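Novice: Dropping the structure in here first, questions after.
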Amino acid sequence: MLETIFLNKQFSNPIVLASGILGVTGASLNNVIKNGAGGVTVKSVSKEPRLGHPNPTMAGYEHFFINAVGLSNPGIENAILELKKFKELSNAPLIGSIFAGTPEEFGWLAEKICEAPIDFLEIDISCPNVSREFGDPFAYSVPAVEKITKAVKEKSTVPISVKLSPNAWNIDIIAKAAESSGADAITAVNTISGMTIDVRARRPVLHNKQGGVSGPALFPIALKCVYDIYRAVKIPIIGTGGVTTGENALAMIMAGATLVGVGSAVYFRGVEVFKHITEEMTKIMEEEGIKNLNEIRGCVHL
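Residue 86 in UniProt numbering sits at position 86 of the sequence shown, with consecutive numbering throughout.
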């Protein structure tokens with residue numbers, strides 16, 4: 001009932017771990033699969049290891065989660081070792097993820113990470129909380145998206161998905177630019193820029209002051225982005241952002257998503273959230289007489 005084909009690859013279900021949650025160790029990724037995910041996306045990696053921002057880097061609230069981790073990661077060489085370990089433990093689809101400061105470095109990383117047994121590669125051009133180091137996210141600029149997508153496409157040996165930002169007012173145009181430059185899929189969306197303040201301490205909660213907002217509060221924004229992108233491109237979409245329930249996941253698919261990324265829901269519902277979401281999806285589909293997901297994908301556009 002939930003089986004999904006994404007770029008010619010079979011997924012047992014469309015719910016995948018979103019990048020940024022649970023790190024890049026083979027064991028932690030495999031634990032996500034054991035808890036019901038159809039596939040996993042690794043935490044974005046860079047050429048060299050990064051410590052990220054000083055603490056505090058994250059805070060949870062009733063309806064949202066905010067973080068400014070600063071893209072901390074072990075670097076590409078260490079990440080490749082962990083990705084190989086994951087594939088020794090599981091046959092589940094594996095999506096790599098990279099970020100860099102220039103198109104040339106993106107291309108280099110794309111070639112390098114393909115030494116690992118990844119099935120797809122996500123290009124993270126949309127992190128909102130490293131602007132002081134990298135400037136505005138590349139996902140705001142059509143020329144930047146075109147250059148980076150072409151650079152990665154030239155070097156990657158696996159299909160690529162470009163991860164876009166909900167902060168871009170013209171996300172449909174950005175998605176079309178990625179598609180025309182060789183992207184095989186779109187991931188929508190990253191976190192949205194936000195801030196929280198401790199009124200008693202009279203200062204921002206996060207050391208970085210601003211961060212990326214995820215969780216249920218992001219969901220309607222992400223859903224609208226997927227809806228708009230589906231109308232603009234012909235390539236498949238990984239819909240992510242605030243998905244916490246089976247109903248959320250089905251809504252993403254009705255808006256046009258093929259796969260559905262789940263991230264901060266782990267904070268709200270535990271790592272078992274993947275199993276919970278697929279069970280909730282199945283229950284709703286049975287009640288509504290839906291035999292498979294192809295019946296409803298993009299149905300709100302009809």
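Note that CB positions come from ideal geometry on N, CA and C, so glycine has one too. Keep in mind the model is a prediction, meaning the values are calculated, not measured.
I'd like to confirm the pairing. Which residues does DSSP put opposite Val24 in its beta bridges?
Specialist: For the purposes of this step, residue 24 is taken as residue 24 along the sequence shown, with counting starting at 1. None, per the DSSP bridge assignment.
Novice: Could you pull out every residue in the same chain whose Cβ sits closer than 7 Å to the Cβ of Gly60, ignoring the five residues on either side in sequence?
Specialist: As a working mapping, residue 60 is identified with position 60 in the sequence shown. The answer, listed in chain order, is Tyr267.
Novice: Tell whether a beta-carbon distance below 8 Å holds between Ser165 and Val189.
Specialist: Taking the first residue of the sequence shown as position 1, residue 165 is located at position 165. Taking the first residue of the sequence shown as position 1, residue 189 is located at position 189. Yes, they are a contact pair.
Novice: By the three-class DSSP mapping on this structure, what secondary structure does Pro236 have?
Specialist: For the purposes of this step, residue 236 is taken as residue 236 along the sequence shown, with counting starting at 1. The three-state secondary structure of Pro236, taken from DSSP, is coil.
Novice: In angstroms with no decimal places, state the Cα-to-Cα distance between Glu105 and Lys112.
Specialist: Taking the sequence shown and counting its residues from 1, one reaches residue 105 at position 105. Taking the sequence shown and counting its residues from 1, one reaches residue 112 at position 112. Roughly 10 Å between the two C-alpha positions.
Novice: Do you know offhand how far Thr240's Cα is from Arg200's?
Specialist: Here the question's residue 240 lines up with position 240 in the sequence shown. Here the question's residue 200 lines up with position 200 in the sequence shown. Approximately 34 Å between the Cα atoms of the pair.
Novice: Just to confirm my understanding: we take Gly261, look at its own chain, exclude 5 residues before and 5 after, and list those with CB closer than 6 Å. What are they?
Specialist: Indexing the sequence shown from 1 puts residue 261 at position 261. Taken in chain order, the residues that qualify are Val16, Ala18, Ile238, Thr240.
Novice: With DSSP as the reference, please indicate the residues paired to Phe6 in a beta bridge.
Specialist: In the sequence shown, residue 6 corresponds to position 6, counting from 1. In the DSSP output, where bridge partners are listed per residue, Phe6 has Lys9.
Novice: Which residue comes first and which comes last in the beta strand (DSSP E) that contains Gly60?
Specialist: Taking the sequence shown and counting its residues from 1, one reaches residue 60 at position 60. First-last of the beta strand (DSSP E) with Gly60: 58 to 60.
Novice: Identify every run of the alpha helix (DSSP H) within the region 163 to 203, keeping only runs that are complete inside it and at least 4 residues long; order them along the chain.
Specialist: 171 to 180
Novice: Just reading off the beta strand (DSSP E) that Ile284 is part of, what are its end residues?
Specialist: Here residue 284 is taken as the residue at index 284 of the sequence shown, counted from 1. First-last for Ile284: 273 to 288, but that is the alpha helix (DSSP H), not the beta strand (DSSP E).
Novice: Residue range of the beta strand (DSSP E) that Val145 falls in?
Specialist: Within the sequence shown, numbered from 1, the residue matching residue 145 stands at position 145. Where Val145 is concerned, there is no enclosing beta strand (DSSP E), although the alpha helix (DSSP H) around it starts and stops at 142 to 155.
Novice: Go ahead and pull the three-state DSSP assignment for Val226.
Specialist: The sequence position of residue 226 within the sequence shown is 226, counting from 1. DSSP places Val226 in helix when its eight states are reduced to three.
Novice: Since Gly298 is in the alpha helix (DSSP H), which residue starts that stretch and which ends it?
Specialist: Sequence index remark: in the sequence shown, residue 298 carries index 298 (1-based). Per DSSP, Gly298 belongs to no alpha helix (DSSP H) and is neither H nor E.
Novice: Apart from the five residues just before and just after Ser181, which ones in its own chain have a Cβ nearer than 6 Å to its Cβ?
Specialist: In the sequence shown, the residue the question calls residue 181 occupies position 181. Its chain contains Glu146, Thr149, Lys150 as the residues whose beta carbon lies nearer than 6 Å to that of Ser181, once the 5 sequence neighbours on both sides are disregarded; these appear in chain order.
Novice: Within 10 Å of its beta-carbon, does Ala185 have 16 or more other beta-carbons around it, so buried, or fewer, so exposed?
Specialist: Sequence index remark: in the sequence shown, residue 185 carries index 185 (1-based). Classification of Ala185: buried, given that the 10 Å Cβ count is 16 or more.
Novice: Could you name the residues that DSSP lists as bridge partners for Glu115?
Specialist: If you number the sequence shown from 1, residue 115 lands on position 115. Its beta-bridge partners do not exist; DSSP assigns none.
Novice: When DSSP builds the beta bridges, which residues end up paired with Ser97?
Specialist: Numbered from 1 along the sequence shown, position 97 holds the residue referred to as residue 97. Bridge partners of Ser97: Glu122.
Novice: So, with DSSP's three-state summary, where would you put Asn67?
Specialist: Working through the sequence shown from its first residue, we reach residue 67 at position 67. Looking at Asn67 - three-state DSSP - the assignment turns out to be strand.
Novice: Between the alpha carbons of Leu83 and Ala100, how many angstroms are there, rounded?
Specialist: One-based indexing of the sequence shown puts residue 83 at position 83. One-based indexing of the sequence shown puts residue 100 at position 100. Leu83 and Ala100: Cα-Cα distance of roughly 19 Å.
Novice: To the nearest angstrom, how far is it from the Cα of Phe219 to the Cα of Ala116?
Specialist: Against the sequence shown, residue 219 aligns to sequence position 219. Against the sequence shown, residue 116 aligns to sequence position 116. Taking the straight line joining both Cα atoms gives about 32 Å.
Novice: Look up Asn31 in the DSSP assignment and say whether it is helix, strand or coil.
Specialist: Start at 1 with the first residue of the sequence shown, and residue 31 comes out as number 31. Residue state, collapsed to three classes: helix.
Novice: Give me the Cβ distance between Leu119 and Leu94, rounded to the nearest whole Å; I'm assuming they're in contact under 8 Å.
Specialist: Position 119 of the sequence shown, counting from 1, holds the residue named residue 119. Position 94 of the sequence shown, counting from 1, holds the residue named residue 94. Strictly speaking, residue 119 in this sequence is Asp, with Leu absent from that position. Correct: roughly 5 Å between the Cβ atoms.
Novice: Kindly indicate which residue of Val45, Ala92, Val226 has the alpha-carbon position closest to the one of Trp108.
Specialist: Here residue 108 refers to the residue found at position 108 of the sequence shown. Among Val45, Ala92, Val226, the Cα nearest to that of Trp108 belongs to Val45.
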